[in-house]
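Enquirer: For the sequence shown, my numbering begins at 4 and goes up steadily by one. Note that the Cβ used here is the ideal one computed from N, Cα and C, for glycine as well. What you are looking at is a predicted structure, and each value in this text was computed from that prediction instead of being measured. Could you have a look at this structure, given as structure tokens, before my questions?
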Amino acid sequence: MENFLQQVSQQDAARRLPEILDRVTADHDAHAKLLNTLSRLEYVGVRKMLKSRRAESFDLDGLQHLVEEAAHALRLKRLAHRIAEHPHTVATFAEAHTLTGDEAEDYFQKVDQAAASVLEDLPEPERGAANYFLTSAAIEIRADVFYPIYEQKLRQIGAPVSVAVIQRDEERHLQAMSEQIAQHLSDWQIRLSQVLKQEELAFQHWLDLVEEHLQKPDPLASS
4 MENFLQQVSQ QDAARRLPEI LDRVTADHDA HAKLLNTLSR LEYVGVRKML
54 KSRRAESFDL DGLQHLVEEA AHALRLKRLA HRIAEHPHTV ATFAEAHTLT
104 GDEAEDYFQK VDQAAASVLE DLPEPERGAA NYFLTSAAIE IRADVFYPIY
154 EQKLRQIGAP VSVAVIQRDE ERHLQAMSEQ IAQHLSDWQI RLSQVLKQEE
204 LAFQHWLDLV EEHLQKPDPL ASS
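Below you can see the structure in the form of structure tokens.
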């Protein structure tokens, strides 16, 4: 898993992030909406877990992961409210209350679809759990690259918020995922490599949309 993490950290997306975060964090409303978008993604992850994990295979580690992702969603939502000049601008997970939130959720769904496409050869009963592990691994790898860059930016600007706790949790989640995915998929490296190719394209597309959004005036910022 460490090799995959290293590969993702060297992608163009990782090099683009600091400049994009510079622009986002310079504007309180945009920054609050980014935090709200991250909260929405954590919520989508929780929803995915609830739908994909069968009760007979849902163990303590799975429940712990679900609870922690829900806690991340809550923490990020509270941070969004702390940063926002007008809390009503991040009241819900609606598109207007997030930074390209619909497109961010679409990123998640594209990763999920990529995982589904590389698992079509498996028997139907096995696909749900296998999809969960592949999708989660790809998302956790991205999170393990994203959050350290974001936390460094927050420290540089002296922001009154931190994602260090979430960063540590995500690192632990990826370690656990490394152990669990091998138990469910003997050829997980090949399958994950294929999923990560699509994940990179989806994440790059989301970054493109964030940059486009930052060029537009925010109708809620002055309301």
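#1: What number of angstroms, rounded off, separates the C-alpha of residue 65 from the C-alpha of residue 126?
#2: Restricting to runs no shorter than 4 residues, where is the alpha helix (DSSP H) found entirely within the region 82 to 154?
#3: Where residue 26 and residue 124 are concerned, what is the direct C-alpha to C-alpha distance, given to the nearest angstrom?
#4: Do you know how far the Cα of residue 40 is from the Cα of residue 107?
#5: Alpha carbon to alpha carbon, how far is residue 182 from residue 188?
#6: Do you know how far the Cα of residue 152 is from the Cα of residue 21?
#7: Between the C-alpha atoms of residue 35 and residue 61, what's the straight-line distance to the nearest angstrom?
#8: Is it the case that the region 47 to 57 contacts the region 78 to 85, given that we only count it when at least three CB pairs across the two stretches are under 8 Å?
#9: Given a cut-off of 8 Å on the beta-carbon distance, is the pair residue 98 and residue 76 in contact?
#10: Distance check for residue 171 and residue 42, CA to CA, integer angstroms please.
#11: Could you check the C-alpha separation between residue 79 and residue 168 for me, to the nearest Å?
#12: What number of angstroms, rounded off, separates the C-alpha of residue 212 from the C-alpha of residue 59?
#13: Give me the residue from 23, 30, 16, 140 with the minimum Cα distance to residue 179.
#14: Going by the beta-carbon positions, is the gap between residue 230 and residue 134 smaller than 8 Å?
#15: Classify residue 63: buried if its beta carbon has 16 or more other beta carbons within 10 angstroms, exposed otherwise.
#16: Can you give the Cα-Cα distance for residue 177 and residue 138, rounded to whole angstroms?
#17: Can you tell me whether residue 64 is helix, strand or coil according to DSSP?
#18: Helix, strand or coil: which one does DSSP assign to residue 1?
#19: Can you list, in chain order, the residues of its chain with a C-beta nearer than 6 Å to that of residue 217? Leave out the 5 residues immediately preceding and following it.
#20: Could you check if residue 104 is buried or exposed, using at least 16 other CB atoms within 10 Å of its CB as the buried criterion?
#21: I'd like the list of long-range same chain contacts for residue 121, defined as Cβ closer than 8 Å, with 5 residues on each side in sequence excluded.
#22: Taking the continuous alpha helix (DSSP H) assigned at residue 48, which residues delimit it?
Expert: On the basis of the data shown:
#1: By 1-based counting over the sequence shown, the position of residue 65 is 62. By 1-based counting over the sequence shown, the position of residue 126 is 123. Approximately 22 Å between the Cα atoms of the pair.
#2: Those alpha helix (DSSP H) runs which fall completely within the region 82 to 154 and span 4+ residues are 104 to 120.
#3: Here residue 26 is taken as the residue at index 23 of the sequence shown, counted from 1. Here residue 124 is taken as the residue at index 121 of the sequence shown, counted from 1. Their backbone Cα atoms lie some 44 Å apart in a straight line.
#4: The sequence position of residue 107 within the sequence shown is 104, counting from 1. The sequence position of residue 40 within the sequence shown is 37, counting from 1. Each residue's CA atom was taken as its position, placing residue 107 and residue 40 some 7 Å apart.
#5: The residue given as residue 182 occupies position 179 in the sequence shown. The residue given as residue 188 occupies position 185 in the sequence shown. Going by the C-alpha atoms only, they are around 11 Å apart.
#6: Looking up residue 21 in the sequence shown gives position 18. Looking up residue 152 in the sequence shown gives position 149. One alpha carbon belongs to residue 21, the other to residue 152, and they sit about 7 Å apart.
#7: By 1-based counting over the sequence shown, the position of residue 35 is 32. By 1-based counting over the sequence shown, the position of residue 61 is 58. Cα to Cα, residue 35 sits roughly 34 Å from residue 61.
#8: No, the region 78 to 85 does not touch the region 47 to 57.
#9: Counting from one through the sequence shown, the residue named residue 98 turns up at place 95. Counting from one through the sequence shown, the residue named residue 76 turns up at place 73. No, the pair does not count as a contact, with Cβ atoms beyond the cut-off.
#10: Here residue 42 refers to the residue found at position 39 when the sequence shown is read from its first residue. Here residue 171 refers to the residue found at position 168 when the sequence shown is read from its first residue. One alpha carbon belongs to residue 42, the other to residue 171, and they sit about 16 Å apart.
#11: Taking the sequence shown and counting its residues from 1, the one referred to as residue 79 is at position 76. Taking the sequence shown and counting its residues from 1, the one referred to as residue 168 is at position 165. Here the alpha carbons of residue 168 and residue 79 stand approximately 11 Å from one another.
#12: One-based indexing of the sequence shown puts residue 212 at position 209. One-based indexing of the sequence shown puts residue 59 at position 56. One C-alpha to the other measures close to 40 Å.
#13: Translated into the one-based positions of the sequence shown, residue 179 becomes position 176. Selection 23, 30, 16, 140 evaluated against residue 179 yields 140 as nearest (Cα-Cα).
#14: No answer is possible for residue 230: it lies beyond the span of the chain, which begins at 4 and ends at 226.
#15: One-based indexing of the sequence shown puts residue 63 at position 60. So residue 63 counts as exposed.
#16: Start at 1 with the first residue of the sequence shown, and residue 177 comes out as number 174. Start at 1 with the first residue of the sequence shown, and residue 138 comes out as number 135. Cα to Cα, the separation comes out at about 12 Å.
#17: Indexing the sequence shown from 1 puts residue 64 at position 61. Three-state result, residue 64: helix.
#18: An answer regarding residue 1 cannot be provided, because it is not within the stretch 4 to 226 covered by the chain.
#19: Locating residue 217 in the sequence shown gives position 214, where the first residue counts as 1. Hits under 6 Å: 26.
#20: The residue you call residue 104 lines up with position 101 of the sequence shown. Looking at its Cβ environment, which holds 16 or more other Cβ atoms inside 10 Å, residue 104 is buried.
#21: Mapped onto the sequence shown, residue 121 falls at position 118. When the five nearest sequence neighbours on each side are left out, the beta carbons in the same chain lying within less than 8 Å of the beta carbon of residue 121 are those of 137, 194, 197, 198, in order along the chain.
#22: Within the sequence shown, numbered from 1, the residue matching residue 48 stands at position 45. DSSP places residue 48 in the uninterrupted alpha helix (DSSP H) bounded by 31 to 55.
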